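Participant: Here numbering that gives the first Met the number 0 is used: the first residue of the sequence shown is 0, the next is one more, and so on. We put the CB at the ideal spot given by N, CA and C, even for glycine. Only a predicted model underlies this, so the values are computations on that prediction, with no experimental measurement involved. The structure follows.
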Amino acid sequence: MLDQIEVSRLLDILGNRNRRRIIELLRQKPCYVTEISDRLILSPKAVIEHLNMMEREALIGFFQDERRRKYYYLQTEFDLIVSLRNTKGEQRTASLPSADLRLIESLSMLRRMAHARERILDTLENLERDIEATMNDIVRMNQGDKGHDIDLDIIITLSHQDLTLDELVEVMETDASAVQASLAALVMRGIVTLDGERYRIEGIYEAPQS
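The structure is reproduced here in structure tokens:
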């Protein structure tokens, strides 16, 4: 049984829509940071902040593959049950419309929400196909390049958000010297540029919001 403080912390975590989306994704399979970022269209930095918060509460854990990349998984399965009761003596029924009217209103709202959901899902499906096709194009264009894997990871990561060297190392969980060498090569090729302390894809001037 959870105490009141633990319940409050859990509700704080679940109160954020993106953390709920991450939990649902991890229910399907373990994922690494950039995979979560790509699937949910979130910046890698925001994903790391959400993961760190849930890791502190022992909701998720991680393991590392042979490349020392962290795969996060749902460590604690849970169900959230909300029970609502009238306070004793409260006369709520007197001010409510009839049951039939409430049912009709609820059904009408349900229909509108179902139609809106279908439109959103259609748009999202098309967007995900476009993202996948674009990422496949990027992979093909970088095949055969020396250091292809790390270059590609950096390009995809920076396509979401401008990051400093330290932030890139944290997101990619790769040796700092390897990331720095790859960045130098990408800058020489004119693909990446250094703006102050942050690296960004050449020609991209607005980063997506967290």
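#1: Just to confirm my understanding: we take K69, look at its own chain, exclude 5 residues before and 5 after, and list those with CB closer than 8 Å. What are they?
#2: Going by alpha carbons, who is nearest to L13 out of M52, I40 and I137?
#3: For A93, does the count of other Cβ atoms within 10 angstroms reach 16, so buried, or fall short, so exposed?
#4: Out of R110, D152 and A113, which one is the CA nearest neighbour of S36?
#5: Of all the alpha helix (DSSP H) runs that stay within the bounds of the segment 4-47, which reach a length of 4 or more residues?
#6: Bridge partners for T192 per DSSP, in chain order?
#7: Just curious, the alpha helix (DSSP H) that L182 is in, first and last residue?
#8: Alpha carbon to alpha carbon, how far is R67 from D136?
#9: Kindly indicate which residue of R18, H114 and P43 has the alpha-carbon position closest to the one of E54.
Facilitator: In this structure, then:
#1: Position 70 of the sequence shown holds residue 69. Correct list, in chain order: Y31, V32, F61, F62, Q63 and E172.
#2: The residue you call residue 13 lines up with position 14 of the sequence shown. Residue M52 is the option with its Cα nearest to L13.
#3: Residue numbering aside, residue 93 sits at position 94 when the sequence shown is read from its first letter. Low confidence applies to A93: its pLDDT is 41, below 50, so where it sits in the model is not reliable, and the reading given next is rough at best. That one is exposed.
#4: For the purposes of this step, residue 36 is taken as residue 37 along the sequence shown, with counting starting at 1. It is D152 whose Cα lies nearest to the Cα of S36.
#5: 16-27 and 32-39
#6: Looking up residue 192 in the sequence shown gives position 193. Note: T192 sits in a beta bridge opposite R199.
#7: Taking the first residue of the sequence shown as position 1, residue 182 is located at position 183. A175 to M187 is the extent of the alpha helix (DSSP H) around L182.
#8: Translated into positions along the sequence shown, residue 67 becomes position 68. Translated into positions along the sequence shown, residue 136 becomes position 137. Each residue's Cα considered, the two are about 26 Å apart.
#9: Locating residue 54 in the sequence shown gives position 55, where the first residue counts as 1. Of R18, H114 and P43, the residue nearest in Cα terms is R18.
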